[in-house]
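Here the structure comes first, spelled out in structure tokens, and everything after it is commentary.
In structure tokens form, the structure reads like this:
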């Protein structure tokens, strides 16, 4: 494939990592949601680009899903939930932004190192893409474990999943990508609805996960 | 397409699920549920006779035939058990009719998903199937709608989703590794092709893939430290589901792991998957063994013992070699049977005692001899005491390991001993001593429980040569 | 043929167990089960005894059971035959005793199914010829006996006993499993035949031997692995206690002999030091523990520990002699210890039966609540006395015969070249003598407090003589004790094939000796004739009686006891078990058990009684097992926190695992 | 013919010890009395006591059992058999091989076992005191004896008394450290076993100190007579044991003619006299020790015995 394709894909992937860092940086829920929307948008762009360069039309579906569902529906829904449940707006973190950032750096470095062991037999695009995707995945996980609010964790999970889609689309000619992305969208929908359901059934007065599992299996 | 046993194994549960979702009432649907599982079992049996050619999506080979056999059988006996169990739940009003309908439908979906995961010849399809199985079980775990149940379901859901995500990433990596060799498109995900060409794949990618698959599917297997969802899911869901979870779903996830282990084994450059599995296995074993001591909830107790045994099985497969693999397969089969039998007993015990707190039950052998001795027998089985089947597998694992890696064997033996002590510490207060709690007559269905136990007992003493040859063949496949 | 009979016997017993499950609650069940098992064991006993006496060639048999590609191998050679005789003899006696005793069982459905299964398990252990079958039967034996221990499960102490027992049993089994794993090698040559053929390296052999000592020793009751024994044996019904103490521990000895003398090849000499030291320590500690007890059954259980120690001393000597190529000395030592195996099984069963009779008659196991039973149960008292004399190694009974042989073996040890043994063996001999003397002391106490003196409670007052089955069983065993004591030559010759099989030499034939005396090495060196001693004593005793009654007075008058002029009608003024043990406690207990006596004497004029407390510490339990249990508890508590994490924390576990694995991957190359 | 002769010799031996035993006891008493500047009872006093006791009726405690009545005969028989197997004036007695030194020790042990039981039988506190102390003493004395037996057996290469005596008489013995140790230990054991001062005092009924007398406290009449006779037999046994092992001169072998046998018998009597005299001197010159000093006393004996054995094991020359 030509140089420009490569650079473009590369750029978008890198952008995705960058935005993951931005998410890691946020400490207001709304802002986080917006940044996530951006994240999804970038993903959509990247997927679309892949669809073009791999001339794999079915990938456009994935792109569309990313655009409509992740970049618009989900953030809006979460926005609603936050309003409906009156969740306090700031994000409670376990570790400070600084250390989270450092950890993120470490993770990115780690994913690079791991990927560099891959012989360049695999085509460079895949290799670089995978490195970025892995970083995104790890950053998403990091976000999940450093955020206390459910919403924050959901966002973390979703960006993790974006990383997956990035990898999947980056993998040239991979079948089932669409199905997988759909399946994942359903999964996310489940999570969001789950949060919502719990509220409606008034089981938990807040979706703060800690309160949600204050009863942890067995009483001591 | 012509209807063959393979499609039957998949189609029957799917159709049944649709039917059960549509039909009202309890009596009919419950029996329909049994009938469906019975039919599936028949189809699975016929797989031994005539086996369809592997296609791009589906395959039946020696390895998964064993699993299918086990799954359909335990699925069947569990449906028989749930017949009486759910009936009791309806009487006590813990479940209402709509939920029962939902439950039956989900049960069939779960069966479908597991069978699909087992027969999938496509790693992507396998992944989808396992995700489906997870989601259905999540819904079933939460079915009681109690605070605890929902919380357990939620925990299971979140951890499971992360696991799924990791597994998917691993799957993608496998594809990436395969693509340059096999070429783009479907072939690069078809299991049979992969394993044939695995030697030429890029080892580093395979390593990375395996790490993710190990963690991803390992979460489903319930290996420590990825186990967190397992005890609560077992404890809070309806007991038939606990039985299916322990007896089947864990195996299915393990099956996926094994597939990829074979893939790595086929590649010279890749790191040996053995050490990783051995490590995780031992961690799970020892960890779960210690966790048994402080358990107060009877179902959680046995959930942790499932973790322990999954650890042993993973360890055995990790050690590899004909003996250890054979032992691993045997142990897995025996554990599925014994553990589901235990959950059958536990379900009725919890029903007659009206609680799951161990402290509120006692002297069960006085009040409910049949039930209690069934439970004791099951516990003896999973504690690896003769003449029951697990003794044989543990004998093979330990003895074969000690000659190869003494240090590991010591840890293994230590874990086994600690686990046994913990298990009996609890069993003593359940089955023996002065009777406690209500002693109402149990309207229980003993057939499934004792059927399983009989099989376990028989296997401990005599195994039919056909089965042995089968297992040995599979053990050979696993390398 | 004989092997087939033995297998059929095992099968029949298992079938009987299955039957007992069905008819367990029926009134006639106990008669049926015990009667049937008695018949079966009798048949097997006859067949096997003939096999042993006929010194027939080993016979093997393979069934398509167990590990599929291996099959279940069975073999009946001299060693198995001898131990099978021990097993069947004990089983026969126990079944006969239980015909009467079983009637008093409160929960027969918890005893009847497991009793025949237990017998079958023991039978199978001694004829198993591959590692899997052996361990299967071994653990099955433990399991069934565990169930029997748990038969009276409503008592918390019994449940605890069963718990400790099961853990120790599994521990032992796992140790044996490791031993076999070593001997079988990675390719899994599990048959004993293959292990015999393979010659393991010295290190492997030594390790396997050590593991076998731990594994079999934990079942036999080697100190410090004996802790379960005094808990479990008393908890079971008496006829089962007799089997566990008298027979099962011997099966454990069998396991050790089988591995140590046949399978491990030629281990280094210093392993015999380990065994000798363990044996000596076990003998002395066992009897000291026993002296501190006042629960009759527990006392007997501790004496089992002591006798196991004596047996292992003999085995250690035999091993030492064998490794130094002194076959005849080895044969002597081995014969001594195997003969003691038989003897101990005889008198220990007898004594436990006596306990059972007392238990039925009075409902008491605590000696402090008994006394004066000789008046109410004279026959039981008589046979129990025979048992006491036998276990105290008094001539002309069997206990002395085997101990005498052991002493003779010790006296041969200067021929050993190694210095370690030269120094150790005499000390072990001293330990042996010490334990024998202390055993006598202990049984003076046991018998004196239980059967002699005046009844201490109403229960003891109202005791009744036990039933005819029980008496039959006890008299049978007592007679055997006497026969084995006065005609040891027969038994020594019967053991010759075992020596030949395991060592390649045998003791000189005893049958030909004049006056049926036994001569281990040479007449000039040492000889003993139990028969003659017995006859002498009878003659001289009756002579004296005759002379006095004839020539002098035979008048007799009953009167209150003299007691230096201060006779006290209260039975409480008698010596109790604790007070009887006091001098010995002062001599040994202060160091071994950290025994302390606290006396509170009220001030003059106060009316409250003076009080005496005795604090004893089970040092071994407190220094080994309690810490272990505590450690496990602490670990369990610490890990238990992991049950109570939040979802996020669990996720971070997953995350951590992922990162660690990735790092491992990164640094792999 | 030979058999008859041997029989007669064996019988003579049995009678000899039986007859000599009370005399020896009386002799010791006499000597002690003399040393204490007392007249003392006549030498034959023990015989008179025995006869008197046997003529008296037995007063049996109400709570005494059949065992209580059997035990005197058992104890007597055991002791007598043991005593009659120890070569006094002639080695290889007809039945000497029927019990070697270990067996003889055990025979005495069984005597003690039943004696202790007798103490427990009536159910009085004194009997209990006696028995418990007796077994405590025995539990140390017996191992000591066994150790001594080991030493001698290793020197003589046999546990067979005749052989040992013969070997001891032979010049092959020489002076050995272990022998000396064994002798001292054996004397200590003998003192303890026979309940002599300083371990026990056969002449008192002081409840705090008595051991042997406490056990036979309830006995009377013929039973008591047997017990007393057994006690004196035991004393004689130990002295003649020491004599035949450490002063085997004059003990003739089988082939010896009758006159030499007579000479041997005379030598034996002489040895007894010396032994008795030494015993008396020792007893008069030492004070009785507290009961709980006895274990230390016997512990020393045990240690000496063990030491002697170890020396033998370590090297032949000791």
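Chains as they are written, first to last, in my numbering: chain A, 71 to 290; chain B, 39 to 517; chain C, 217 to 885; chain D, 715 to 1032.
Positions of the beta carbon are idealized from the N, C-alpha and C atoms, including for glycine.
Which chain A residues sit within Cβ distance under 8 Å of residue i?
{"i": "residue 879 of chain C", "result": "180"}
Are the CB atoms of residue i and residue j nearer to each other than 8 Å?
{"i": "residue 668 of chain C", "j": "residue 835 of chain D", "result": "yes"}
{"i": "residue 855 of chain C", "j": "residue 340 of chain B", "result": "no"}
{"i": "residue 454 of chain B", "j": "residue 351 of chain C", "result": "no"}
{"i": "residue 520 of chain C", "j": "residue 621 of chain C", "result": "no"}
{"i": "residue 955 of chain D", "j": "residue 966 of chain D", "result": "no"}
{"i": "residue 1017 of chain D", "j": "residue 1011 of chain D", "result": "no"}
For residue i, does the three-state DSSP call read helix, strand or coil?
{"i": "residue 90 of chain A", "result": "helix"}
{"i": "residue 356 of chain C", "result": "helix"}
{"i": "residue 218 of chain C", "result": "helix"}
{"i": "residue 218 of chain A", "result": "coil"}
{"i": "residue 276 of chain C", "result": "strand"}
{"i": "residue 98 of chain A", "result": "strand"}
{"i": "residue 587 of chain C", "result": "coil"}
{"i": "residue 406 of chain B", "result": "coil"}
{"i": "residue 813 of chain D", "result": "strand"}
{"i": "residue 279 of chain A", "result": "Confidence at residue 279 of chain A is low in this model, with a pLDDT of 47, below 50, so its placement is unreliable and the value that follows should be read with caution. If DSSP states are grouped into helix, strand and coil, residue 279 of chain A belongs with the helices."}
{"i": "residue 400 of chain B", "result": "strand"}
{"i": "residue 292 of chain C", "result": "strand"}
{"i": "residue 513 of chain B", "result": "helix"}
{"i": "residue 284 of chain A", "result": "Model confidence at residue 284 of chain A stands at a pLDDT of 47, short of 50, so the residue's coordinates are unreliable and nothing is read from them."}
{"i": "residue 234 of chain B", "result": "helix"}
{"i": "residue 503 of chain B", "result": "helix"}
Using a C-beta to C-beta distance shorter than 7 Å, which residues of chain A count as neighbours of residue i?
{"i": "residue 207 of chain B", "result": "207, 234, 237"}
{"i": "residue 357 of chain B", "result": "The contacting residues do not exist; residue 357 of chain B stays about 26 Å from chain A at best."}
Name, please, each residue of chain C whose Cβ falls closer than 9 Å to the Cβ of residue i.
{"i": "residue 874 of chain D", "result": "739, 740, 741, 742, 743"}
Taking C-beta pairs closer than 8 Å, name the residues in chain C that residue i reaches, listed in chain order.
{"i": "residue 458 of chain B", "result": "382, 383, 386"}
{"i": "residue 214 of chain A", "result": "864, 867, 871"}
{"i": "residue 599 of chain B", "result": "The question about residue 599 of chain B has no answer, for chain B in this structure spans 39 to 517."}
Kindly list, in the order they appear in chain B, the residues whose Cβ is closer than 8 Å to that of residue i.
{"i": "residue 355 of chain C", "result": "423, 424, 429"}
Original post:
Going along the chain, which unbroken runs of the alpha helix (DSSP H) with 4 or more residues stay wholly within the segment 345 to 377 of chain B?
Top reply: Fully enclosed alpha helix (DSSP H) runs of 4 or longer: not present.
Original post:
Do the segment 240 to 250 of chain C and the segment 311 to 318 of chain C make contact, defined as three or more Cβ pairs closer than 8 Å?
Top reply: Proximity of the segment 240 to 250 of chain C to the segment 311 to 318 of chain C meets the contact definition, three or more beta-carbon pairs being nearer than 8 Å.
Original post:
Taking one C-beta from the segment 552 to 559 of chain C and one from the segment 671 to 679 of chain C each time, how about it: are there three or more such pairs within less than 8 Å?
Top reply: Note that the segment 552 to 559 of chain C does not touch the segment 671 to 679 of chain C; fewer than 3 beta-carbon pairs, one per stretch, sit closer than 8 Å.
**OP:** May I ask you to verify whether the segment 271 to 280 of chain C touches the segment 323 to 341 of chain C, counting CB pairs closer than 8 Å and requiring at least 3?
**Re:** They do not touch, by the three-pair rule.
**OP:** Report yes or no: do three or more beta-carbon pairs, one from the segment 357 to 364 of chain B and one from the segment 90 to 103 of chain B, lie closer than 8 Å?
**Re:** Output reads no: the segment 90 to 103 of chain B does not touch the segment 357 to 364 of chain B.
Original post:
Three or more C-beta pairs closer than 8 Å, one from the segment 777 to 797 of chain D and one from the segment 693 to 712 of chain C: is that the case here?
Top reply: Contact between the segment 777 to 797 of chain D and the segment 693 to 712 of chain C is absent: fewer than three C-beta pairs spanning the two stretches fall below 8 Å.
Subject >> Stretch pair the segment 215 to 233 of chain B + the segment 288 to 295 of chain B: three plus CB contacts closer than 8 Å >> reply: When Cβ pairs closer than 8 Å are counted between the two stretches, the segment 215 to 233 of chain B is seen not to touch the segment 288 to 295 of chain B, the count staying below three.
Subject >> alpha helix (DSSP H) segments (min. 4 residues) lying fully within the segment 111 to 179 of chain B >> reply: Taking only runs of at least 4 residues, the alpha helix (DSSP H) segments lying wholly in the segment 111 to 179 of chain B are 135 to 157, 161 to 179.
Original post:
Counting Cβ pairs closer than 8 Å, one from the segment 393 to 413 of chain B and one from the segment 473 to 490 of chain B, do we hit at least three?
Top reply: Contact between the segment 393 to 413 of chain B and the segment 473 to 490 of chain B is present, because at least three Cβ pairs lie under 8 Å.
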